[in-house]
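K.L.:
Below you'll find the structure I mean.
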Amino acid sequence: MTIESWYWQAVESIDYPFPQRIHPDADWLEQEIIEWCCAHRLIQSQEQIKHIRDALLAEFVARANADLSRPMLRLIGLWTVWFFFLDDLTDTVPSVDALTDFHLRILSATTEDTTYRQVHPLISAVADLWAELRRYAGPVTQVRFQRALVQTLEAHLWEVSTRVDRVYPDSATYADMRLWSGAFFPMIALIDMARDFVLPSYLFEHTLMRELLDAAARTVLWYNDLWSYPKEQSANALAHNIVRILIQEQHLSLYEALDRVITQHNWSLRRFLELRQQMQRFGEETSQTLCFVDNVAAWLRATQDWSHRTNRYRSQMFSAIHT
Numbered sequence: 001m002t003i004e005s006w007y008w009q010a011v012e013s014i015d016y017p018f019p020q021r022i023h024p025d026a027d028w029l030e031q032e033i034i035e036w037c038c039a040h041r042l043i044q045s046q047e048q049i050k051h052i053r054d055a056l057l058a059e060f061v062a063r064a065n066a067d068l069s070r071p072m073l074r075l076i077g078l079w080t081v082w083f084f085f086l087d088d089l090t091d092t093v094p095s096v097d098a099l100t101d102f103h104l105r106i107l108s109a110t111t112e113d114t115t116y117r118q119v120h121p122l123i124s125a126v127a128d129l130w131a132e133l134r135r136y137a138g139p140v141t142q143v144r145f146q147r148a149l150v151q152t153l154e155a156h157l158w159e160v161s162t163r164v165d166r167v168y169p170d171s172a173t174y175a176d177m178r179l180w181s182g183a184f185f186p187m188i189a190l191i192d193m194a195r196d197f198v199l200p201s202y203l204f205e206h207t208l209m210r211e212l213l214d215a216a217a218r219t220v221l222w223y224n225d226l227w228s229y230p231k232e233q234s235a236n237a238l239a240h241n242i243v244r245i246l247i248q249e250q251h252l253s254l255y256e257a258l259d260r261v262i263t264q265h266n267w268s269l270r271r272f273l274e275l276r277q278q279m280q281r282f283g284e285e286t287s288q289t290l291c292f293v294d295n296v297a298a299w300l301r302a303t304q305d306w307s308h309r310t311n312r313y314r315s316q317m318f319s320a321i322h323t
């Protein structure tokens, strides 16, 4: 099925009411990413280097983090790229058991255990990133990041289990699991640390903050599904996309499903904006809270700007790295 122009017009018309910005060191970050990927054998050819450049991942991170120092920009950039590689690998793993074993090796590399120390590019890379993170992050940030990492890995296991068993997920379950599978929360867990403060747990875990972060995650991930649907549909991928799930589950046309997802997306965005406004109530901590929330919003705006420019949704970014 060919995707009609009206589909792209509807998706491209979505606009986030946040300022467009970009870090002046985006080109520097791109070179750092390429050198790091080569050092860990994540990429090993000029063609793969070109794919990295064309995907504009450094630009994506630079747009979401325009205010960071170079060391923090690099750290956030490398973690972002690592999660992209992990996502692509997850799409190729043949079984839940194989992915579980791989996840155990990832977790051992972030807990300094030696049980699963095997040579693998992604394991080597995550061990390096964890050591770098521990140079800057205190125990609170480490716990938040590890918790988000574990939940992201669990969501990936769920995705693989549905693919292997040919189970088509229902929209409600998918909506819950999609919050985690996109690795949005691990990156959010680093926002304050990267700006030299730690949001107190009574604020980070506050009901309003948790709802705000869920709204932000749902907004950006529905937006991602809208952009990725044409590529996934042409590849005949299993229904890990809210557009395709609604078409199958509720017997909708593409036009009806698109309208439904955009409506859900817009509701989540409005809820994020409402909750952002309510963050003014946190007294002495309001300044840091708003700084944190504004940088969550920056990830949303960066996703919009990057999606219009990257080839991520138009071609396979990397050759898969097998476990």
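Counting from 1, one number per residue, gives the positions in the sequence shown under this note's numbering.
Even for Gly, the Cβ is constructed at its ideal location relative to N, Cα and C.
Predicted, not measured: the structure shown is a model, and the values here were computed from it.
#1: Rounded to whole angstroms, what's the CA-CA distance from I188 to E249? Just pull it up for me.
#2: Does the separation of the CB atoms of I245 and D165 fall below 9 Å?
#3: Excluding the 5 residues preceding and the 5 following Y116 in the sequence, name in chain order all residues of the same chain whose CB lies nearer than 7 Å to its CB.
#4: Among the residues of its own chain, which have a CB less than 8 Å from the CB of V220, if the five just before and after it don't count?
#5: Is any beta-carbon of chain C found at less than 9 Å from that of C38?
#6: Note down, in chain order, each residue of its chain lying with its Cβ closer than 7 Å to the Cβ of S95, except the 5 sequence neighbours on either side.
#7: Which value, in whole angstroms, describes the spacing of the CA atoms of A194 and F204?
#8: Need the endpoints of the alpha helix (DSSP H) that M193 sits in, please.
#9: Starting from the C-beta of M209, find all residues in its chain whose C-beta is less than 7 Å away, skip the five residues before and the five after it, and write them out in chain order.
#10: What is the DSSP secondary structure of V93, reduced to helix, strand or coil?
#11: In whole angstroms, what is the alpha-carbon distance linking L78 and E30?
#12: Kindly indicate which three-state DSSP category Y16 falls into: helix, strand or coil?
#13: Does N266 pass the burial test, meaning 16 or more other C-beta atoms within 10 Å, or should it be called exposed?
#14: Please state if the CB of A125 and the CB of F85 are separated by a distance shorter than 9 Å.
#15: Between which two residues does the alpha helix (DSSP H) harbouring L199 extend?
#16: Give me the Cα-Cα distance between S251 and F83, rounded to the nearest whole angstrom.
#17: Please state whether the Cβ-Cβ distance between D54 and N311 is less than 9 Å.
#18: Report the three-state DSSP secondary structure of Y168 (helix, strand or coil).
#19: Using 10 angstroms around the beta-carbon of Y255, count the other beta-carbons present and answer buried if the total reaches 16, otherwise exposed.
#20: Is there contact here, the region 22-37 with the region 258-274, by at least three beta-carbon pairs under 8 Å?
#21: Who are the near neighbours of W8 in its chain, counting only those whose CB is closer than 7 Å to its CB and skipping five residues on each side?
#22: Should V332 be labelled buried (16 or more other beta-carbon atoms within 10 Å of its own) or exposed?
#23: Taking the C-alpha atoms as reference points, what is the distance between E154 and A127?
#24: Mind pulling the alpha helix (DSSP H) runs of 4 or more residues that sit fully within the region 217-282?
#25: For I3, does the three-state DSSP call read helix, strand or coil?
#26: Under DSSP, the alpha helix (DSSP H) around T303 begins and ends at which residues?
#27: If you follow the alpha helix (DSSP H) that P186 is part of, which residue opens it and which one closes it?
#28: In this structure, how does DSSP classify A125 when only helix, strand and coil are distinguished?
P.N.:
Reading from the atomic positions:
#1: 32 Å
#2: no
#3: Confidence is the limiting factor: at Y116 the pLDDT is only 47, short of 50, which leaves the residue's position unreliable and the question unanswerable from this model.
#4: G182, F184, W299, L300 and T303
#5: Included in the structure is just one protein chain, with no chain C present.
#6: V164
#7: 15 Å
#8: Here M193 belongs to no alpha helix (DSSP H), and DSSP marks it neither H nor E.
#9: L203
#10: coil
#11: 10 Å
#12: coil
#13: exposed
#14: yes
#15: Note, L199: premise wrong, no alpha helix (DSSP H); not H, not E.
#16: Contrary to the premise, residue 251 reads as His rather than Ser in this sequence. C-alpha separation (whole angstroms): 33 Å.
#17: yes
#18: coil
#19: exposed
#20: no
#21: none
#22: What is shown of the chain runs 1 to 323, which leaves residue 332 out entirely.
#23: 19 Å
#24: 242-250 and 254-278
#25: coil
#26: T286 to S307
#27: F184 to I188
#28: helix
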